[in-house]
Structures are given as structure tokens and as C-alpha cells.
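Residue numbers (our numbering): -8 to 886. Each residue gets a CB set at the ideal place from its N, CA and C atoms; glycine is no exception. Just so we're clear, the structure is a prediction, and the values are computed from it rather than from any experiment. Structure first, then comments.
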């Protein structure tokens, strides 16, 4: 089979080495096409669309978290018999990618994209994409992603481009796309319009400037307050509230705009807040969204004072050519010099910031293309209300509704070169210039010779919102689309709930008539150990590839999964990955407990198929208990997975493996040193281990696949990745065995605790007596039959079991339900020395408790100390009292 040499070179090692194992097994899976999904009518499809990472990207912890979740779900459903498709791809990421290539062009050649021209620059971007575009996909392989790589899509491949064009044309023909002159979020750094979702509103300290606008009739002035003095160059009115008694007499008069001298009217509008500033508002329709709306209501002219790069244009008079913030300084200086600056106050306000460039956004009038969102949002809202789409956790549905019910039209045009060109064509005049008077034509191909295409490209999200169905061949009705769509679940962070998730729901319903996915699993975001966002500026990022190099991919996947509590952010420290590494080593070492007794070849592969011959009823108590625990765990794990609580599922398997299987079951089936393990014992150990390996495989695929081949002789394609997910066997659940062994566990744990509490040397054997309540007399024989469990795990050399037993003098007592376990200590420890030690410790604890109580009885302390300090002292008192009671009980036991 493909990958056979891989198996033959796998050697038995006592220590797990992920760097040796992981690359080999990934190559084996790929060579055997285990990730491939086909159309199989006899199987139910399970489909996840990978959120396409940017073509500029490298694997970061957010990717690692979400890929781990998506891969685990895919592997689980594949093992459960679904036709599992996890479709990968990358996003062209318009602005981000163009910026990277422009920066490289500037740094290496000292040129701008304009020096090259559009076509030559785009060739550079395509070359960059071909060289670097799939780096992140290669990195995802390191993590163990089991995507169908043969279906990898790119948001600007030929098929996807056709889908984007078709979507635009359909929406335009339906009246849902329009062009207009509107105020947009303008980024002076990237020099393009941005949607509201691409803007962060950040609280910043600033100033409030009070400026006097002289009345034209010479009768005085009116004072306005503004946080952006430079925009006064575009003022076309001053507004007051119609019911403001202070200014009612001024409505209809005119003022002279300071510095420029332009006459502008005083108008009345109910939007004005009478308690802001001096109660009068300067109106700049070309640079403020609220002012734009006021201007529309009053028919005010719109003056744009800014160039695309954030400098003042010719409408700014003497300030033309200055950067907007330099102009602000000059304007304030000139107002002060002319006696028109009344005062300046510190003021904290919200400032719009570009999510990408971090530049302060400039509201600017611009001709752009928009999508009418309300008609698209309504059916998408209803789909979630009806439960056709479910959010996990449910609370994110409320955020979805909040945004969708207040949705605004979407500006989809971008003034950059890299992206999907808008399929609109314009007529030209005899000089080749666009003649707006002739209108335009929406078309994929050039409608007539001489027509020129719109220079703008579409917002990156306009292609991404088609991802669930365009990747499957839409707008054609392909077999893939019919079989794999709608998809099953979308896994994503809450940061793109509105950017992407909500828009995909709208697009899916509108273009296909079907929801794009049934479930939405929202993960938390990965932050540093202090809860801060990871960033280059803070230097607090954690590279998942470095963590994989250090700990192994399975360890990284394990730790990220157990930390992924549904909907909560993850505070991550590199030391957290030690959890995964420790567990991987435990899994590896557990195999050696019974594996050393199996017949194997020189490569460590089993020569015999160890199969259990005994019926369930013939198994020993610990064996029936362990089989029962496995069957219970399978049901619990399945329930957690169905609710997307993968952390709970994995922790349940962890507890079964480490706590039950390793700490109890393996310890009790191990033969004495120098003796062999019998075949029947090996067979059950293999059976249990095999099923736990399968349960763990989706979360820790590499180590489980490597061990899978050591358990039984396997056929050519009997890999763990395509093995059948374990099913619960209701015929092999023994509640009595569960109760009986559970009671023995508690007794043994209690005896171990006694040994630890009284400092009994580890190698010293002890006696124990079990006092059985009379109503449970039948349990005497069962306990006596398993005295070897006490001998093996608690070093009890002499065990007495009976009813009505008296407690020996100087004995510690362990209470388990209605049972009592007495551990005589007189012959085991120096009682006088132990009493003295306990009396000394009790005295110290009493002094400490008294000092805490004095502090808590001090009224001044209670009044002046912070609440959290008082709470800590109360907790100290509570802890000290509990410890003192325990010490006193231990001392009493020795009397």
C-alpha cells in the first residue's frame, strides 16, 4: 500500500518522539487519499468550509485553535461513517495583499504601483501569490489538518471569479446594488473606502475647541464647539435646535465662516444636542455622517476639502496642501490670533480607526457602489429565529440579531487594484474619457468597443460571502453543490460574526434558496496569559509552529482543545502545552505496560491478533468495571461532541485513560516482576486501549495512528483515521461492578491518604480492617475476594473484613459511605514522635488562627481595608479552622 515503507521504518521506542513520527504519518495519510471526499449517495455528507486565511498569512494561534476544532470534528464524523469534507482555501485579501506587494516594491526598487501601472503591478501580485500564497496551507499540514487538498480553492481562481461576477449582476438586476455619492469611511493611508465593519471605534483623549462665528450683520457672533477644527473649511451652515431659546432669534441669519469669509446660514434642526458644547453645531456635510443627513434635509451644498491622501485640497484656501492634522494646528493658531478661539477643553471622545492601517478614518463624500442589505437581512434573521441555523453558544444569536436588525447598506467598492474588478463598463468621449452622461452597462464582457471598465474592485468580503457554495461550483448546479450543500457547521471566531458569518447566511439564502450551514460554532479568541490581544507591538505572540517544534502537534492540539471552553477567550501561556506533551507521553508509556508481552516483529508490529475469548460475565471485577467505564464514556463523549463541547469530550476521555485505565486498571493487571502477562489479559488490555486510541484520534491524530498499527495486524487500508468510531455496548455495562469497585477505590484512596498523612514509608506494609454494615453482609465475601487489590495498590499485607469489628487503639479511620476502614498505626510509626509533631503543628496553627481573628475583630481594619483584603482574611480564617480540625482529629486517632 502507499506509505508501506513508512510502517516498516517505525521502531519501538520507550520515549515518544513527535518529530520522528508526525511527518511520516501525515505523508502516509495523504498518499492514501484518506482526506478525499466523494459523492456517495449511500452516505450522509458532513461538510466544513475552512475560513480561508489571507494569502499574506502565516499560521497563528487563532488558526491553530480553529483548525484543531474543525479537524477534530471532521475526523470524528469520518470515523462515524459520514462522507466528511473539509474544504480548504485561501483568500486574496485585497488591501492586505496589495499593501505587502507595494511595500516590497518600495523597499527593493524604490517604486510605487503607479510607476509600474495597473497591469504590470497585478502581474507582480500574482507572482507573489504563486510564490508565497500557499505557505499557510503547508503550515496547516504540520498541525495535522485532514482537508481534501484536491479541492483547494482561491477566491480569485477562474471559477470563483465567475461566481463573484454572477452575484454582482444578479443583485444589480434585482435592484439590490446601486451607485451613488455618499459619505463613506475613507482611509487616507490605504486610500480606499471601507465598510462600517472595517472600522474600529476607539476612545481617545482629545480637545473641544470653542470657535466664534461672526454674524454678517455685525450684531455679534455665535459659538460652536468641535473636535475637528480643520473640517470648518467645508462648513456650509451652523445649526441650532428649533426650541433653543438662546438662538431662536438667530435662525435664518447668516454668519461669516472664520478664516475663509464665506457666508453660511444659521438653520434649525432637531438633531442638534442643546447640551453639547455651546448648543450650536457647525455643519460640514462633506465630512460628517450626521452633518451629511442634516445637509440633505436642508438642501445644503457639499464641499469636499480633502484629497484622498488626507491633505487639504484647493477648497481649503490658504491651507491647501497641508496634512489634515498640520492644518488643524495652523487653523487653531490663526483663530487664536484673530480672537475667534473662545476656549479649549480636554474631551474624551470616540475616534474611528481603520482596522487594517490603524489610520484615523476621514468621512468623505465619494461615488461608490452599495448593496441594499435590508431585503437580504430579513430572511436571514428568520432562518435563525426558526432554528434552521443554530449558534453555539446560543448567546451569539442575540448579537447576530442586534446587528442584522440595525443593518446599513454595504459599501462594496474599493479604490485599489488587487481584487475582483467591478463588472461595470462606461462610455467614453472622443478623447477616451468617461462620459458619465451616457450612463453605464453592467456586464462581464466589454459590451461595445471603446467602453472602459470601472477602475474599482470589490470588497474582499464580497467574494468571501459566497464561499460555502461558490467553492462547490455555483452558479452551475453541479453534483458537488447538490450533495455537499448546505454545509454542516461553520467554526469561526466572534470577530468576524458580522464581516463574514452573517453575510454568508444572507448570500446563501438569497442565491441558493438554502441556508449555507446548519450550525455555527463560535470559538473564543486566543490572548496572552494576561488576557491581552497578541500583537507585534506588545511582543506577546506565541508562534504555533515553534510550539509544534517544541512539544509536538498532538500536544498543541490537546492543549488548545481542553482550553477551548465554549465561547470563552483563551488566556494562553506556552507552558500550557506541557499538558499535552505529558498526556502524549502517558499514552505512549501505557502501551508498553502490556505491549512488552505481545509477540511482535523487529519493527514492533504484532504477529498475532489478540482477541478476547471471555464473555463479559467471565471478566474479573476490575475488568468489568473498566469495560463499563469505557461504555459510559463513549455515550458521554458523543453527547458532548453533538453539543460542540469538544473540551468536555476530550477531558472525559483523558479522565478515563489516565485516571481509570492507567492508575487503576493497568496497575491491577500488571504481572509481578519477571512474570508474563497471559493472552486473555493482553487481549482485553488491547481491546480497551484500541477503543480509547480511536476516541483520542480526532484530537491527537499522530500518536494514535502510530500506536494503532502496534495493537493488531492490520490490512492495507485499515488506518485509524478511517476506522469505525467506537459504539457503546449496552450489554457490557455492569452497575454492580461499578459500585463495588468504586467503593474499593475510595477505600484504597483513603488508606493511601492515611499513609501520606502519618508519614508511613512507601515500602512499609500495613494492616487494615474493613467494618461492613450488617445490612450489606453479602459484600464481605466480595471484599475478601479482592484483598489483592488492597495489597497491590495500598501495600496492605493483612486485611480483615467483617461486621461489628472494633476499632483498634491508635488507628486512623477512613469512612466510605456506611463502611469504616481502620488502619492501625501503633506498629507502623513512632506514636510519641507523631503525637509531638501534631501537637506542635496544632499550637502553631492555633496562634495563626488567633492572629487572623484579632484582625477581623478590629473595627478599623474592617472599615479601612479594601473589600478584597477583608475577604482574603476571612478565607484564611476558614482554611486555618478546617486544617486545625483535621490536625486535632489526626491526634485523637493516635490516642
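Q) By how many angstroms is the C-alpha of residue 485 removed from the C-alpha of residue 176? A) Their backbone Cα atoms lie some 23 Å apart in a straight line.
Q | Separation of residue 51 from residue 615, as counted between CA atoms | A | 45 Å
**Q.** beta strand (DSSP E) segments (min. 3 residues) lying fully within the stretch 777 to 862
**A.** 787 to 793, 802 to 807, 810 to 815
Q) Under 8 Å between the Cβ atoms of residue 342 and residue 517? A) no
Q | When 863, 746, 312, 738 are compared against residue 817, the one with the closest alpha-carbon | A | 746
Q: Give the range of the alpha helix (DSSP H) segment to which residue 747 is assigned.
A: Residue 747 -> alpha helix (DSSP H) spans 726 to 748.
Q.
With a threshold of 8 Å between beta-carbons, can residue 609 be considered close to chain D, or not?
A. Looking for chain D here will not work: only one protein chain is present.
**Q.** Residues of its chain near residue 55, where Cβ-Cβ distance is below 7 Å and the 5 sequence neighbours each way are ignored
**A.** Excluding the 5 residues flanking it on each side, residue 55 has same chain C-beta neighbours closer than 7 Å at 134, 535, 547, 551, in chain order.
Q) What are the start and end residues of each continuous alpha helix (DSSP H) run of 4 or more residues lying completely inside the stretch 614 to 649, in chain order? A) 637 to 645
**Q.** 8 Å contact criterion, which residue 506 and residue 374 should meet: CB distance rounded
**A.** 5 Å
Q) Rounded to a whole number of angstroms, what is the C-alpha to C-alpha distance between residue 372 and residue 269? A) 42 Å
(Q) Suppose contacts are defined by Cβ-Cβ distances below 8 Å. Is residue 604 in contact with residue 671 by that definition? (A) Taking 8 Å as the Cβ cut-off, residue 604 and residue 671 qualify as a contacting pair.
Q. With burial defined as no fewer than 16 other Cβ atoms inside 10 Å of the residue's Cβ, what is the status of residue 450: buried or exposed?
A. buried
**Q.** contact_flag[the stretch 708 to 726, the stretch 635 to 650] where n(CB pairs < 8 Å) is 3 or more
**A.** no
Q. Would you call the CB atoms of residue 259 and residue 240 closer than 8 Å?
A. no
(Q) For residue 40 and residue 478, I'd like the C-alpha separation in whole angstroms. (A) Rounded to the nearest whole angstrom, the CA to CA distance from residue 40 to residue 478 is 7 Å.
Q) CA-CA distance, residue 13 and residue 540? A) 11 Å
Q | Validate contact between the stretch 428 to 444 and the stretch 182 to 190 using beta carbons, cut 8 Å, 3 pairs | A | no
Q: With DSSP collapsed to three states, give me the class of residue 653.
A: Note: residue 653 maps to helix in three-state DSSP.
Q: Take residue 783 and list the residues in its own chain whose beta-carbon comes closer than 7 Å to its own, dropping the five residues that flank it on each side.
A: 658, 659
Q. Nearest-angstrom Cα distance between residue 305 and residue 131?
A. Approximately 52 Å, taken between the alpha carbons.
Q: Use the C-beta contact count for residue 267: other C-beta atoms within 10 angstroms, 16 or more gives buried, fewer gives exposed.
A: exposed
(Q) Please report the distance separating the alpha-carbon of residue 503 from that of residue 467. (A) Cα-Cα distance, rounded: 11 Å.
Q: State the Cα-Cα distance for the pair residue 57 and residue 620, rounded to the nearest angstrom.
A: 30 Å
Q: Please name the residue or residues paired with residue 171 in a DSSP beta bridge.
A: 359
**Q.** Through-space distance from residue 770 to residue 2, alpha-carbon basis
**A.** Low confidence applies here, because residue 2 scores a pLDDT of 47, under 50, leaving its location unreliable and the question unanswered by this model.
(Q) Just to confirm before moving on: does the CB-CB distance between residue 195 and residue 340 stay below 8 Å? (A) yes
Q.
Please state whether the Cβ-Cβ distance between residue 255 and residue 235 is less than 8 Å.
A. no
(Q) With H, G and I counted as helix, E and B as strand and the rest as coil, what does DSSP make of residue 262? (A) coil
Q. Residue 564: which of 574, 538, 221 sits nearest, CA to CA?
A. Checked all of 574, 538, 221; the closest Cα to residue 564 is 538.
**Q.** Beta-carbon proximity list for residue 10, same chain, < 6 Å, skipping 5 on both sides
**A.** none
Q: Would you list the residues sitting across from residue 184 in a DSSP beta bridge?
A: 177
Q.
Measuring alpha carbon to alpha carbon, tell me which residue in 463, 760, 493, 869 is nearest residue 153.
A. 463
Q. Do the stretch 844 to 853 and the stretch 783 to 798 make contact, defined as three or more Cβ pairs closer than 8 Å?
A. By the Cβ test, the stretch 844 to 853 is not in contact with the stretch 783 to 798, since fewer than three Cβ pairs between them sit closer than 8 Å.
Q: Taking only the alpha-carbon atoms, compute the straight-line gap between residue 207 and residue 197 and give it to the nearest angstrom.
A: 31 Å
Q.
Here's a check: name, in chain order, each residue in its chain whose Cβ is nearer than 6 Å to the Cβ of residue 360, leaving out the five neighbours to either side.
A. Cβ contact annotation for residue 360 (same chain, cutoff 6 Å, sequence separation greater than five): 170, 403, 404, in chain order.
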